[in-house]
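Protein chains in written order, with this note's numbering: chain A, 1 to 317; chain B, 1001 to 1351.
Ideal Cβ placement from N, Cα and C applies to all residues, glycine included.
Beneath this line is the structure, given in structure tokens, with notes to follow.
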């Protein structure tokens, strides 16, 4: 439990620092922050090993860190530095850490879904007991490629965990303006997949529920679709909140912010007697120094050499 | 000498690649069905049951699956019976396959082959006979190969499967029945290298894929009139072997590009531009392009009659480059013996 709290806190404080420093205009890339959605990422990654794969979307910081991606690699990448996780070629929307099994995040909605299914297909062909977790939002279910990929994953019983973080909005458009009034899991049902919906802000519950399901995935019982109901606290893209735009009702914002995953987890730990002021300080201090060190490292790292421009058109044999 | 067809060369090459490397797999709509992609995948499912697959009618999704599998250590070959259907998959090909290597700083490439077939004739029409090569060749990160013979088909397929990058493998349907000497073992034809199909000093004709055959036929009629054409069969159009083109043009001073594709924004224009920009080259005549007209091919027999270029139009275009009137009598008579919408006189349809 303590470890999960630490991982969530680390993501939260990292993104808060990104937001704080974004105005300095040295991170010159879009940032889609996951604040409010940390439990989903950490809960899903809990029982995955570095041999398992994960792919993600434009909103990938939490997934990358939860899966074990290097913090310094993330921050350097945001600053476009040579030692970033994508060597300063990718920025916030193109994160990767193969050592951690984080196979990549990209910026086209739904774009990594079939790639994740393909990684699982390779695992099946090579008879390796790996799982691929495909992290998407709710809007990716509107893309044709989701259905094509789900169909194939189900047809071949591939070891895929589809994780749809339903935060109700695609940019500024509510789910009800994009999809008919039916559970998202009905779609998975139509594709012949096992499915479940969980509170996306309850990290412990997600990890506990998934544990036996991941075992069944490794045993070849076919893909699983998981809907995690959660909420993005800040704006779609950028470091601020955008409450002034009025596209999200005040009552809705208050309800979801009261269900902040860090608060939920803290309460659960308090109920189990696992919380103390000393623990809180220990966690905050540890995370603070890690985050500061990562920013210090990134700011002092070199930019890629000019010769790196156009250096990766083709791979050589 | 062992003369086999383009179809048999592809089938044999795929079979040998599957046998030689456990990471190779083949997937496509109809791969194991009775028609087996015009025969190119016949019996492969029974010979390699765990690595040959039919697939759902999901071109984009399955292209993405192939990309993911390639990132996971496999070497997928995905095949489409019509190039026109690959438009569904442009997102995965352009946004993912072509980008994964550069987007993440050169950490992992996508060793994948996408076979696609250009149709022609017998009512193929607007949506079954487009040559969309320029779309693919435009995109950095992709390689695009365009074999014109059975020998090149097998050799380029082997190179493509072994290449660490995504390779678009374009077959013209009218080449499938053509034959040439093909070595029985696995061999490669290098990607990015043109082939001098015929030597000559009077002009350079640059071409690739099916029109190579039409150009070679035209060369016979040119020779009777004392015109020596140097014919370059490019074999690859991205990266394109510009040094080979320039070397030939340096010798001849004249250039004609014969391309079965639309003129506007096409690769024939790219060849002309690259030659024209080179200050070390002096041209004796304005370079010319012979292409499809800039509209889609209709479907019906009557209207397609004047859509495609044959040896007659090629000889005529050579006359324009040379600035002299060539005799078109014999080549016109020859062309009249052919039916314009079937690959050979034995063909009874449908495709």
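| Check | Outcome |
| --- | --- |
| Tell me the DSSP bridge mates of residue 1143(B)? | 1167(B) |
| Taking buried to mean at least 16 other C-beta atoms within 10 Å of its own C-beta, is residue 1135(B) buried or exposed? | buried |
| So residue 313(A) contacts chain B; which residues on that side make the cut at Cβ distance below 8 Å? | 1101, 1102, 1140, 1141 |
| Check each candidate in 1169(B), 1253(B), 1003(B) and name the one with the smallest Cα separation from residue 1279(B). | 1253(B) |
| Decide if the stretch 193 to 203 of chain A is in contact with the stretch 20 to 31 of chain A; the criterion is three or more beta carbon pairs, one per stretch, under 8 Å apart. | no |
| Is residue 1029(B) helix, strand or coil by DSSP? | coil |
| Specify, as a first and last residue, the run of the alpha helix (DSSP H) that residue 1230(B) falls within. | Premise fails: residue 1230(B) lies in the beta strand (DSSP E), 1229 to 1233, not in any alpha helix (DSSP H). |
| Cβ closer than 8 Å: which chain B residues qualify as neighbours of residue 86(A)? | 1103, 1104, 1105, 1107 |
| Establish whether the CB of residue 1071(B) and some CB of chain A are separated by less than 8 Å. | yes |
| Determine, using beta-carbon pairs with one atom in the stretch 1104 to 1115 of chain B and one in the stretch 1146 to 1166 of chain B, whether at least three such pairs fall under 8 Å. | yes |
| Quick one: give me the first and last residue of the alpha helix (DSSP H) that residue 1311(B) is part of. | 1311 to 1322 |
| Using 10 angstroms around the beta-carbon of residue 46(A), count the other beta-carbons present and answer buried if the total reaches 16, otherwise exposed. | buried |
| For residue 114(A) versus residue 1092(B), is the C-beta spacing smaller than 8 Å? | yes |
| Rank 1182(B), 1286(B), 1177(B), 1132(B) by C-alpha distance to the C-alpha of residue 1151(B) and give the top, closest one. | 1182(B) |
| Against chain A, does residue 1159(B) count as a neighbour if the rule is that its beta carbon must be under 8 Å from one of theirs? | no |
| Just tell me which of 237(A), 267(A), 232(A) has its CA closest to the CA of residue 252(A). | 232(A) |
| Could you list which residues in chain A have their beta carbon closer than 7 Å to that of residue 1092(B), in chain order? | 114 |
| For residue 133(A), does the three-state DSSP call read helix, strand or coil? | strand |
| Tell me residue 1080(B)'s beta-bridge partners as DSSP assigns them. | 1116(B) |
| If you draw a straight line from the C-alpha of residue 199(A) to the C-alpha of residue 276(A), how long is it? | 25 Å |
| So the candidates are 226(A), 143(A), 151(A); which of them puts its Cα closest to the Cα of residue 165(A)? | 226(A) |
| For residue 1231(B) and residue 1314(B), which I take to be in contact (beta-carbon distance under 8 Å), what is that distance rounded to the nearest angstrom? | In fact, because the Cβ distance is near 10 Å, the residues do not count as touching under 8 Å. |
| Judging by CA-CA distance, which residue of 36(A), 123(A), 185(A) is the nearest neighbour of residue 241(A)? | 36(A) |
| List, in order along the chain, the chain B residues whose C-beta lies closer than 9 Å to that of residue 106(A)? | 1095, 1096, 1099, 1100, 1103 |
| If you draw a straight line from the C-alpha of residue 1333(B) to the C-alpha of residue 1162(B), how long is it? | 45 Å |
| Could you tell me the alpha carbon to alpha carbon distance between residue 1301(B) and residue 82(A), rounded to whole angstroms? | 59 Å |
| Within the same chain, show all residues whose beta-carbon is closer than 7 Å to that of residue 202(A), passing over the 5 residues directly before and after it, in chain order. | 39, 264 |
| Is it buried or exposed for residue 1297(B), if we count other Cβ within 10 angstroms and need 16 for buried? | buried |
| Buried or exposed: where does residue 1104(B) fall if 16 or more other Cβ atoms within 10 Å of its Cβ makes it buried? | buried |
| Please report the Cβ distance between residue 1072(B) and residue 123(A), rounded to the nearest whole angstrom; I am assuming they are in contact, meaning their Cβ atoms lie under 8 Å. | 6 Å |
| Nearest to residue 1246(B) by CA position, among 1293(B), 1042(B), 1196(B), is which residue? | 1196(B) |
| So within the stretch 220 to 259 of chain A, which uninterrupted beta strand (DSSP E) runs reach at least 3 residues, ignoring any that extend past its ends? | 224 to 229 |
| When the distance is taken between beta carbons, is residue 1321(B) closer than 8 Å to residue 979(B)? | No answer is possible for residue 979(B): it lies beyond the span of chain B, which begins at 1001 and ends at 1351. |
| Determine whether the Cβ of residue 1186(B) lies closer than 8 Å to any Cβ atom of chain A. | no |
| Contact defined as beta carbons within less than 8 Å: I believe residue 1122(B) pairs with residue 1350(B). What is the distance between those atoms, to the nearest angstrom? | 6 Å |
| Taking contact to mean 3 or more Cβ pairs, one atom from each stretch, closer than 8 Å, check whether the stretch 1045 to 1052 of chain B and the stretch 1011 to 1031 of chain B are in contact. | yes |
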